[in-house]
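For the protein sequence lines, the chains are F and B, in the order given.
First residue of the first sequence: 180, per my numbering; consecutive thereafter.
First residue of the second sequence: 3, per my numbering; consecutive thereafter.
All C-beta atoms, glycine included, are put in the ideal place defined by N, C-alpha and C.
Just so we're clear, the structure is a prediction, and the values are computed from it rather than from any experiment.
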Amino acid sequence: MFEITNYQILMYLDGVADPELQKLIENEPTYQTRAQELMNSQNYLSAQLHRVTCPDPLMLGEYHLDLLSHSEKETIIGHLSECPHCSRELDEIAAFVQPSVVERIIAQLISGGEPESQTGWVPLFGQRGAQEGPYVYEAGEIQIAIDVQEDNEHPGRHAIIGLVSGAPVDDFNVSLWFEGVQTATAQIDELNYFKIADLARGEYELLIRGPKVEIQVQRFIV
Amino acid sequence: MSSNPNPRKLTLSELREHCAHETARFFLSLAEEAWHCYEIFRRAIVDKNDDAWRGIIEQYQSQVARWVEYHPKFKNFNEEIDFFTNRVFEKFWRRNFSAKEFSRFPNVKSLLGYLKTCVASVMTDYWRVQERRKAEFLVEISRALTQPDGYSVEKEVENRLQRRRFWDNLREHLTDEIEYEVVYASFVIGLKPKEIFNHAPDVFSDVQEVYKIKARAISRLSRVIGSSSYFLDSPGEIE
Chain F
180 MFEITNYQIL MYLDGVADPE LQKLIENEPT YQTRAQELMN SQNYLSAQLH RVTCPDPLML
240 GEYHLDLLSH SEKETIIGHL SECPHCSREL DEIAAFVQPS VVERIIAQLI SGGEPESQTG
300 WVPLFGQRGA QEGPYVYEAG EIQIAIDVQE DNEHPGRHAI IGLVSGAPVD DFNVSLWFEG
360 VQTATAQIDE LNYFKIADLA RGEYELLIRG PKVEIQVQRF IV
Chain B
3 MSSNPNPRKL TLSELREHCA HETARFFLSL AEEAWHCYEI FRRAIVDKND DAWRGIIEQY
63 QSQVARWVEY HPKFKNFNEE IDFFTNRVFE KFWRRNFSAK EFSRFPNVKS LLGYLKTCVA
123 SVMTDYWRVQ ERRKAEFLVE ISRALTQPDG YSVEKEVENR LQRRRFWDNL REHLTDEIEY
183 EVVYASFVIG LKPKEIFNHA PDVFSDVQEV YKIKARAISR LSRVIGSSSY FLDSPGEIE
């Protein structure tokens, strides 16, 4: 019987040993012990050394943004040529940093709950419910006015009517959130109004989303 | 700068007020630049002004949270958005730009681009840590697998340096360039012998040769780190 060497056991562990060798190793407890030891050694070295020479991801990001010195850049280029992990991560970072990710603006409440005469804002919604609103929020040039009404079609429920003004919002849509869950969506019409009906009382959040920007109206009470 | 009065002459609280308004206009593409915000960044980074840095966090926290939430890896992690948001600002702060380096950021757009890069960096870093912990778990040396807050930017920098030292020590025990390449490709990059052979078919006669070199190196490295119970007590016969 010939002696089985460690390289053959490594092949066995990788599942590439020929069937005869595989059978020998599996039937001999001494080889099984050695296989286990070799596997432990491999796992240990992998855990300690895996990607040990990879740069901090921020350095990959700075490489993408062209913020590195010439020598740092050369180091990264050299590393990328041999490390598929960092090449992949660089692609991911570059894709994420593209300005396509939606920017978020928090709308500031500039008035709400007071009589219209004090807010200086004149509602365009016709008959309003007597008890609340309008809430007026501002996000840069954009103004969002939200009015709460009784929902005549759903007795005991409420509806909100909103008006978005101050900037073109043709491609914008609206979503209403309650306790972190989206409960309704609406389109902004050609006159910049939106309406969401059949709402229970509660504290909501409103998101007005456009192609590049999202306006968040936090803590909105119906 | 086009703003009047000069942002450099304003108090921090005045700057913050202007910046809040500017940011909304800037994101809506209604303003080309946000010079008051830029000045807060400058004071925070160049002057190392803590209050200005707090102003930056307050102004952009929500935006950073949004980027974190949108990051493709976020849903894979069992962490709150705030956890990563804090790490992002920590990462930016620890970068400690000099005045000369800061001058490479000509406007707020470039600074926000860098902040977003910090988001990508933190998420990527965290991903690497998770992957490493899985490997550590295999050999039961995980120290922080069950600790959800076991990650911090500082710890990770320290860990990276420690592992780097470990690797530098091990390298000294590799006999030649070919053995180095096999160990590097196997354990640092994570390639199988067949992949190593396919990458350099002119260096090795066949895949078996790669296995032989790898086995030899494992045995020697195991002896070098003999104090660890996870290494071979008796490496066995080496060809």
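- With 16 or more other CB atoms across the displayed protein chains lying within 10 angstroms of its CB, residue 93 of chain B is buried.
- For residue 337 of chain F, no alpha helix (DSSP H) run applies; the uninterrupted beta strand (DSSP E) run containing it begins and ends at 337-344, by DSSP.
- Interface flag for residue 175 of chain B against chain F is unset, since no Cβ pair is found closer than 9 Å.
- Put simply, the backbone Cα of residue 224 of chain F is about 23 Å away from that of residue 204 of chain F.
- For residue 48 of chain B, the nearest beta carbon of chain F is not closer than 9 Å to its own beta carbon.
- The alpha-carbon of residue 283 of chain F is positioned some 31 Å away from that of residue 234 of chain F.
- Residue nearest to residue 210 of chain F within the set F:188, F:259, F:231, F:349 is F:188 (criterion: CA-CA distance).
- In the structure shown, residue 364 of chain F falls within a strand segment according to DSSP collapsed to helix, strand and coil.
- Using a CB distance below 9 Å, the part of the stretch 66-86 of chain B facing chain F consists of 67, 68, 69, 72, 73, 74, 75, ordered along the chain.
- Counting only Cβ-Cβ distances below 7 Å, residue 223 of chain B has contacts in chain F at 224, in chain order.
- Within chain B, the residues 119, 122, 123 have their CB atoms less than 7 Å from the CB of residue 240 of chain F, given in chain order.
- Shown here, residue 93 of chain B sits in a helix according to DSSP, grouped into three states.
- Any Cβ of chain F closer than 9 Å to the Cβ of residue 13 of chain B would place that residue at the interface, and such an atom is absent.
- Of the residues B:28, B:215, B:221, the one whose Cα lies closest to the Cα of residue 112 of chain B is B:28.
- Where residue 290 of chain F is concerned, the enclosing beta strand (DSSP E) starts and stops at 287-290.
- Identification of chain F residues near residue 127 of chain B by a Cβ-Cβ cut-off of 9 Å yields 235, 236, 237, ordered along the chain.
- Residue state for residue 136 of chain B is assigned as helix, using DSSP reduced to three classes.
- A check of alpha carbon separations from residue 222 of chain B across B:172, B:8, B:41 identifies B:172 as the nearest.
- In the structure shown, the three-state DSSP call for residue 227 of chain B is coil.
- At a C-beta separation below 9 Å, residue 207 of chain F has no neighbours in chain B, since its nearest C-beta there lies roughly 12 Å away.
- Using a Cβ-Cβ cut-off of 9 Å, residue 186 of chain F counts as an interface residue toward chain B, since at least one Cβ of chain B sits closer than that to its own.
- Interface with chain F (9 Å Cβ-Cβ cutoff): residue 182 of chain B is excluded.
- When rounded, the separation of the alpha-carbon atoms in residue 249 of chain F and residue 126 of chain B is 24 Å.
- In the displayed model, residue 220 of chain F falls within a helix according to three-state DSSP.
- In the three-state reduction of the DSSP assignment, residue 106 of chain B falls in the coil class.
- For residue 379 of chain F, the CB contacts under 8 Å within the same chain, skipping 5 residues up- and downstream, are 336, 337, 401 in chain order.
- Counting the other CB atoms within 10 Å of its CB gives residue 230 of chain F a total of 16 or more, which places it among the buried residues.
- The beta-carbon of residue 197 of chain F is placed no less than 9 Å from the nearest beta-carbon of chain B.
- Between the stretch 194-209 of chain B and the stretch 160-175 of chain B there are fewer than three inter-stretch CB-CB distances shorter than 8 Å, so the stretches are not counted as touching.
- Per DSSP, residue 396 of chain F is one residue of the beta strand (DSSP E) stretching across 392-400.
- Three or more Cβ pairs closer than 8 Å define a contact, and the stretch 55-73 of chain B meets that threshold against the stretch 83-99 of chain B.
- With fewer than 16 other CB atoms across the displayed protein chains lying within 10 angstroms of its CB, residue 72 of chain B is exposed.
- The beta carbon of residue 272 of chain F falls within 9 Å of a beta carbon belonging to chain B, placing the residue at that interface.
- Per DSSP, residue 209 of chain B has no beta-bridge partner at all.
- Within chain F, 227, 228, 231, 232 have C-beta atoms less than 9 Å from the C-beta of residue 169 of chain B, given in sequence order.
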